[in-house]
Amino acid sequence: MIHDILWHGADYNPDQWLERPDILEKDVELMKKAGVSVVSLGIFAWATLEPEEGKYNLDWMEETIERLHAAGVKVDLATPSGARPAWMARKYPEVLRVNADRTKQLFGGRHNHCYTSPVYREKVKQMDQLLARRFGRHPSVILWHISNEFGGDCHCELCQEAFRGWLQKKYGTIAALNRAWNTKFWSHEYPDFSYVESPCPHGENELHGLKLDWKRFVSHQTTDFMKWERDCIREIVPDAKVCVNMMNRFDGIDYFDMAREIDLASWDAYPLWHRPDQTLEEVALDTAMMHDLMYSVKGKPFWLMENTPSFTNWQPMSKVKKPGMNIFSGLQAVAHGSDGVLYFQFRQSRGSSEKFHGAIVSHDCREDNRTFVETAQLGKILRQISSVAGEHKEKQAAIIHDWSSKWAMEDSQGPRNCGLGYWEEVMRHYNALSRLGIGVDFVNGDSDLSGYKLVIAPMLYMLPEAFAAKLRAYVQAGGTLVMTYWSGVADETDLVWLGDAPHGLVDVLGVRRCEIDGMYDGETRRCIAVGRGMPASAQGSVLCEVAALEGASPLMIYNEDFFIGSPAVSVNSFGKGKAYYLATRFEEGFYKPFYKTVTDGLLTPAWAGELPEGVLAVRRGRFTFLQNASEKPAEVDGVEIMPYGTVIYDGKKRIL
Amino acid sequence: MIHDILWHGADYNPDQWLERPDILEKDVELMKKAGVSVVSLGIFAWATLEPEEGKYNLDWMEETIERLHAAGVKVDLATPSGARPAWMARKYPEVLRVNADRTKQLFGGRHNHCYTSPVYREKVKQMDQLLARRFGRHPSVILWHISNEFGGDCHCELCQEAFRGWLQKKYGTIAALNRAWNTKFWSHEYPDFSYVESPCPHGENELHGLKLDWKRFVSHQTTDFMKWERDCIREIVPDAKVCVNMMNRFDGIDYFDMAREIDLASWDAYPLWHRPDQTLEEVALDTAMMHDLMYSVKGKPFWLMENTPSFTNWQPMSKVKKPGMNIFSGLQAVAHGSDGVLYFQFRQSRGSSEKFHGAIVSHDCREDNRTFVETAQLGKILRQISSVAGEHKEKQAAIIHDWSSKWAMEDSQGPRNCGLGYWEEVMRHYNALSRLGIGVDFVNGDSDLSGYKLVIAPMLYMLPEAFAAKLRAYVQAGGTLVMTYWSGVADETDLVWLGDAPHGLVDVLGVRRCEIDGMYDGETRRCIAVGRGMPASAQGSVLCEVAALEGASPLMIYNEDFFIGSPAVSVNSFGKGKAYYLATRFEEGFYKPFYKTVTDGLLTPAWAGELPEGVLAVRRGRFTFLQNASEKPAEVDGVEIMPYGTVIYDGKKRIL
Amino acid sequence: MIHDILWHGADYNPDQWLERPDILEKDVELMKKAGVSVVSLGIFAWATLEPEEGKYNLDWMEETIERLHAAGVKVDLATPSGARPAWMARKYPEVLRVNADRTKQLFGGRHNHCYTSPVYREKVKQMDQLLARRFGRHPSVILWHISNEFGGDCHCELCQEAFRGWLQKKYGTIAALNRAWNTKFWSHEYPDFSYVESPCPHGENELHGLKLDWKRFVSHQTTDFMKWERDCIREIVPDAKVCVNMMNRFDGIDYFDMAREIDLASWDAYPLWHRPDQTLEEVALDTAMMHDLMYSVKGKPFWLMENTPSFTNWQPMSKVKKPGMNIFSGLQAVAHGSDGVLYFQFRQSRGSSEKFHGAIVSHDCREDNRTFVETAQLGKILRQISSVAGEHKEKQAAIIHDWSSKWAMEDSQGPRNCGLGYWEEVMRHYNALSRLGIGVDFVNGDSDLSGYKLVIAPMLYMLPEAFAAKLRAYVQAGGTLVMTYWSGVADETDLVWLGDAPHGLVDVLGVRRCEIDGMYDGETRRCIAVGRGMPASAQGSVLCEVAALEGASPLMIYNEDFFIGSPAVSVNSFGKGKAYYLATRFEEGFYKPFYKTVTDGLLTPAWAGELPEGVLAVRRGRFTFLQNASEKPAEVDGVEIMPYGTVIYDGKKRIL
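Protein chains in written order, with the working numbering: chain A, 1 to 656; chain B, 1001 to 1656; chain C, 2001 to 2656.
As structure tokens, this is what we get:
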């Protein structure tokens, strides 16, 4: 069901308007006009559902669902656990989070419950099962929206205990933990597990192993809470489909782990369109990268669960989407594998913190409002191209993105505390491939690499033995690997590997790291080509490794500083495959010609010919999307595409 | 008495010098030389007045008053409640403030008592009445200085309870409060008033209605505390005159409310003269604006209660006033309605945090010190022009400045969180009118608008029904209204009005807001003139509204982006009056020609002819002041005015 | 012993590698290859030495010392008090520090014990004496390394009590304290000593006298703790030599006081070599200044206790030392009086916060690693020039650097809160003299000034009566004094002197301060020469004093602003000596010609002729060092010095 059509919808919060039945009636009418086929219902409705402990009020929700049902609008039914009523905070303070400084939060805000609290889990169970019993089998309820935008951590005693239990299960003995975290350093050895406390500003905050495991535990515990909610629902409705809405470049949860436990991945996309410091194409690629990550976490179509039809209210600056931009962004999501385009929210709130967030229906309540008109247009288009729904994407290139590796690398002190720019590095590879029309997935150490012709390891700091072996086997069997500087540094508990580096891959890469030098912002080192298919010169920055060739052929070398002549790019044949090594971060312009050379004859772009600047081609199964992410009209094969315009082919047949 | 002459004086803290009778003697002698006619006495003297609980020591104060009396120096007698003795903090911790994070402050600093504490109020009563009994009828005591620079908030349980009581009185039922604050959002509904807590970083901090009412409550409670002190004094001295010293652009108290309760408004002015990033004229206008606000809060002459004769010590950088600047700034205050020019302080302290704040008498104790010499000169001038004292100002233009509207607008998230620049907007209107020689008052929703030919509503975000009706009636009856973008958005509890906007004034303005787009810093949109009397072109910035004409005539239109052709300035005839609408913030240069057009034939400038750049003309009743706020000599009607120079006319007669 | 040779070594932490006997064996082998003659052992080893309370494990240390002994490597034995085991923190929470906000720290980090806690002192005593008994007479143990990098403060009740006791001892009566701190201001008078609390953000934080004495107390208490450790060791080993490792420009401890109590001064130097915003010479001079301060605190050779052979991991950016730089920096320390060149650390850690700090032995464990190779080269050179060891330096110029004066000046509000740039001022004098080859010592008010031909008082804000008298006598007797603006302002409790300033020296300097004006960043005032030997013009900045000549001859005068014509530089003859006064901070280029004029005929440079740019000459007794602190080869007297190169003469004989 959730992949049957291209869904169009929004968060819907009728609980804010119960005193205005005229508006509730009007809502359904406007949904039809806007082409809304699904709404996420009740995300923060707990106080209305249970105004006093044990006193429930679900009738308004039933009436809403029936009203929507009558209009053919399906429901993505939310559990309301993202915020809780005031009475609960007062009666059961343990449900509230404790900050890292060990102060307990007061009631207020949202996304701030303790994930461990048995009381909160019990209360959530009661509520979720009540909803499941009453609405779980309603024909309109096609999906469950578990809580909202999970994130953050809690440092209460319940969580401390859970953390200790998690560590004990992981390490078995305190000696093993002490070894893994190298606690001898600064006399930080733990006599037993009871001594471990979460990292905090006024206590332990430099023990990298502890901090890494705390991040892993928080990710685990959050997912565990989500599973609790899922299982409570499935106890009543065994075949319930569940989703969570994830966030842009969110660091706090390993989404690969969480995605395993749900039926549908989805995310909330709020790119800063029309910002003056980036081109439209750059913003579009940044957004596309996250779409592809969302596709990748389950390897199948996802939903764009939230975006704005106009502007947000919480970013430092959010410009209104210009005419055409909302259609562009919705179709971009579809091109990259989304089966839904939903908004926050259907109708603008009158008060509190998000009252100026854009919505399909604005405060002026007018149907001639531009936002409303353009949203309705997109609704029509989505119905028109609904055959795209459910279509999968071909495996081409894979970029390794491992949450643990990123956590460990960024928390480490050195070699460049003023910024490693991890995502900036990833983007350079992603953008170059995207501009070449090569489809990109994201993988981690647990992923199956087979089927990928190209695997890229940007700053793969943490490289456990098994993952190194997997990469070796991948190249051996004929795969092409591109690995960068600052890879293969540490093991899975962030102990630095002793001996030659990148650990376990020196012979695969034919290169050994000797030194690594940080560059100040703006500082660069000139590199020049010595092999074929490389740009004549390029500037290295951020981190410059000095490497020794151990069999590889240099393609670019440094041309200044004491490491003049050292390889900056090299390639090595290993088994049936090839391994490239990039010893520094190059300027953006390096990557497209580099990947042109790497992918030539290896992968087939989404569009055969050359594309005008700003036009992006994306293949989704048998469909090809061309989008003009520029401010100028473009022509592709005799078809003119206006700025923000989209052309879609089903095979060779143009369907938009 | 307080409006009989132009007073000249300073804060005087003899309690710091009791061990130096030679200095106390010398002080009075130097006061006479400096032309000091009044001093503010005993502002922070509590520890000296009551060194132990119930053990009083007022003799030194009596001696001081007598010594001053003998020299003809009057006294503005302070209540010492701005700081309290250490013994009180230890014995009655409730007198100390609790921060937003719910930690209680330790003893120290100043301006940090709980405004609610019954103990503190009782202690203040005892002290104030003791002073009143002993000195209240002394012929030299002409004024009471209630506490000092009121400000800040306290989050203790006493204040929480007072806040809840204030809310209950305001809303009656919790349902009404929940509705007004839209607490359904994020399940923030309050079961009853006992659940309400002040906003805080670790609890509720995004519920705009709560935060707005907290600001209102703090303002109310502070004024209530001030009234308590006033009434304690009046219980003993029924005809005592009281004042408070207010602060530049201070946001925490609605000074319109507070001013109603006092006899004399006054403020502490510390402009950054000679800063390299502003012209002298700009700093002068910035200061003048605040003088005019101080005049406006009571609609009558005020006092410049504090300023520095030389430099401050608490600003990031404070240059010494150059020769002539102290006389300039003192006379500027007088021009704008002040009947006093006072300094902080008479004699520089030897130690603690303000030891390097400038004073009439410096650490070198010399009478040939430039600061002393120039201050004495000003004393002489003030006596010479004393006929200005008490003179009122004519009603010309009024700018609406409403504390609640500003609070609500600035606390809201969106449409531009990186800065709305409220005062920047106000300044543009104020400066243009001032440069045209038009006198400006400030008003709020409670003010009587009659008598004003021109009313300006810059960013009047909050527009209650009754205020909209008042503005409508004002225009209907022949008034001229200038309203800007982002006006008429929300009601008095910060619920956004539904339907067309600016709420209640669409027909008056002949314009309806359709969209609002934020501009990044530095981003602008070109506008061009299509009506008469407008500059040919101007750049819009910060926020650009897209509006639909509903009867108004466009004067300027946007000339780029998707809203090209939309009105940027329009004018509408309504009843006997006119209403202008400015849909964006223009560059500074736009406003002077715009207001020239608006005021032509409507208002009479302070000076008939054209003035040289940097020369400002101000009318105060029958007196006209010309000040050269530039670094170059200027000539006006054959009279040369040196840089920082002032020329004063009584009617046509030059008196300085 | 500690001055017998030029020591070469490193921190050594075998406790992190006890499970790897192969590595421990390898370590000693590599030490020999690297020319290591001494190691600092056991700095953070407490948890390994005493894994449970009272259960000791010192065998591994004995084995280590024997292994080192066998290899001829001496030991600087550390007390492990810089961090403590987890069991101690849990059982005796009083050992943990309390922050200024009165929250107690949790276990973790380092350098965070309470200096007052009797429990901690007792535990430290047990541990230190255990080490002393077992290893104190071992022939290899030549030095004791007391704790590590002392710093920070504790606000617990034990410290509060100690602070009150310290104050009572200092002031005798509370009345004296109240007078000294001018507590009448803002009613901050203390009824008795029990009311005094340490400064804190939520209490007293603007009472300068309190804050100054708190800094003095913290410095005192830290030194007292250090003395406790020293005396515990000497109880067992009466002739034990002790050192502490100090830090670059560390503000928290008066190192003159602390140095009196130890046998050997040492410091940890981590200059940012190769930073793009400074020349190599500038970084070198910055480092040299601290070397000279370390020499000065005891007036005899010190040790460079820590530096990196390659890079650090804790600075925002730390570039790897380029080829030759490690040798340059090591020899620079020797030139300025160091008898040791030691590193942090011998072998890189595998985990926790410093795992990416450079070390002699890197993670790759290779002997062909460039860092290892160059370190070994330096080891060889140090043996070669070992005759330099123990050599003293000649007294030439002295710069006054008084911790109390700096504390008081920087904590004061005014006259320029956006930055006084104290070290920037000091640097200008130091650099000019160094570029002229004049040796510089640092002195404070307790120092003996005899022997110095030139004494410089940059921003000597605090000038007690006795120090003013000493400076007067110094000039009277024939000395040359250079004093700058913002000197002679306050007495020893930070009460501002009343009357003419600089206090007590107006006749000596022949100049009286009238006004002081702050300059904004980038704002300058032009000055021009009116006397001989001065640059034709120079720009004043930061603070510009307006002074009246009282006998001095002007050498430079201001040429703009209202103080045009005022003296900017003046000179006065007093007794047999001369006193210069600089009324502002000049641009860097002013100081070298100024000091050329001042020192001509007074002092003999280290090198007779003119030196190429970037080449620095330093004299240490009979030895002369020439170092090329530039990126270009230089020639001095026919000898070519490569970039980063060093040439050393013993008398006229070149020894390197």
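For each residue, glycine too, the CB sits at the ideal point set by N, CA and C.
### Query
If we cut at 8 Å on Cβ distances, does A:A335 have a partner in chain C?
no
#### Entry: For B:I1142, the three-state DSSP class (helix, strand or coil)
strand
### Query
List, in order along the chain, the chain B residues whose C-beta lies closer than 9 Å to that of C:N2182?
Q1016, S1349, R1350, G1351, S1352 and K1355
### Task
Using a Cβ-Cβ cut-off of less than 9 Å, give me the residues of the segment 366 to 397 of chain A that come near chain C, in sequence order.
none
### Query
Can C:A2608 be considered in contact with the ligand FMN, in the sense that its beta carbon sits closer than 7 Å to one or more heavy atoms?
In the structure shown, the ligand FMN is absent, as is every other ligand, since no ligand is present at all.
### Query
Counting along the chain, where does the beta strand (DSSP E) carrying B:D1725 start and finish?
Since the first residue of chain B shown is 1001 and the last is 1656, residue 1725 of chain B is not available in this structure.
### Query
Given that C:L2207 touches chain B, what residues does it touch there, using C-beta distances under 8 Å?
G1108, S1352 and S1353
### Message
Assuming A:Y485 is part of the beta strand (DSSP E), what are its boundary residues?
### Response
Per DSSP, A:Y485 belongs to no beta strand (DSSP E) and is neither H nor E.
### Query
Under the rule that 16 or more other beta-carbon atoms within 10 Å means buried, what is C:P2316, buried or exposed?
exposed
### Task
Use the C-beta contact count for C:D2448: other C-beta atoms within 10 angstroms, 16 or more gives buried, fewer gives exposed.
exposed
### Message
At the level of alpha carbons, what is the spacing between A:D277 and B:T1173?
### Response
50 Å
### Query
So which residues on chain A does B:G1203 lean against when the C-beta distance must stay under 8 Å?
Q105, L106, F107, G108 and G109
### Task
Starting from B:H1363, find everything on chain C with Cβ-Cβ shorter than 9 Å and list it in chain order.
V2489, V2496, W2497, L2498, G2499 and A2501
### Query
If you scan the segment 1505 to 1573 of chain B from start to end, which runs of the alpha helix (DSSP H) of 4 or more residues do you find wholly inside it?
1506 to 1509
### Query
Name the DSSP beta bridge partners of A:E640, please?
A:E635
### Message
I'd like to confirm the pairing. Which residues does DSSP put opposite B:T1584 in its beta bridges?
### Response
B:C1544
### Query
Quick one, which of B:A1608, B:V1618, B:M1127 and B:V1475 has its alpha-carbon nearest B:H1392's?
B:V1618
### Task
Count the other C-beta atoms from every protein chain shown that fall within 10 angstroms of the C-beta of B:V1242, then say buried if there are 16 or more, exposed otherwise.
buried
### Query
According to the Cβ coordinates, are C:L2096 and C:H2145 closer than 8 Å?
no
### Query
Considering only residues of the same chain and omitting the five flanking positions on each side of A:W214, which have a CB-CB separation below 8 Å?
D153, F163, S198 and P199
#### Entry: A:Q16 (DSSP reduced to helix, strand or coil)
helix
### Message
For chain B, check one thing: does any of its Cβ atoms lie closer than 8 Å to the Cβ of A:W314?
### Response
yes
### Query
Would you call the segment 1186 to 1206 of chain B and the segment 1115 to 1129 of chain B touching, i.e. three or more CB-CB distances under 8 Å?
no
### Task
Could you check the C-alpha separation between C:K2169 and C:F2217 for me, to the nearest Å?
12 Å
### Proximity test, Cβ basis, 8 Å: B:T1048 and chain C
yes
#### Entry: Chain-ordered residues of the segment 2395 to 2428 of chain C with a beta carbon less than 7 Å from chain B
S2412, Q2413, G2414, P2415, R2416, N2417 and C2418
### Query
Going along the chain, which residues of its own chain have a beta-carbon closer than 6 Å to the beta-carbon of C:V2098, five neighbours each way excluded?
K2104, C2154, H2155 and C2156
### Task
Using a Cβ-Cβ cut-off of 8 Å, state whether B:F1185 counts as contacting chain A.
yes
### Query
Of the residues that make up the segment 2513 to 2536 of chain C, which ones have a beta carbon closer than 9 Å to any beta carbon in chain B?
R2513, C2514, E2515, I2516, D2517, G2518, M2519, Y2520, D2521, G2522 and E2523
### Task
State whether the segment 1602 to 1611 of chain B contacts the segment 1271 to 1287 of chain B, with contact taken as three or more CB pairs (one from each stretch) at a distance under 8 Å.
no
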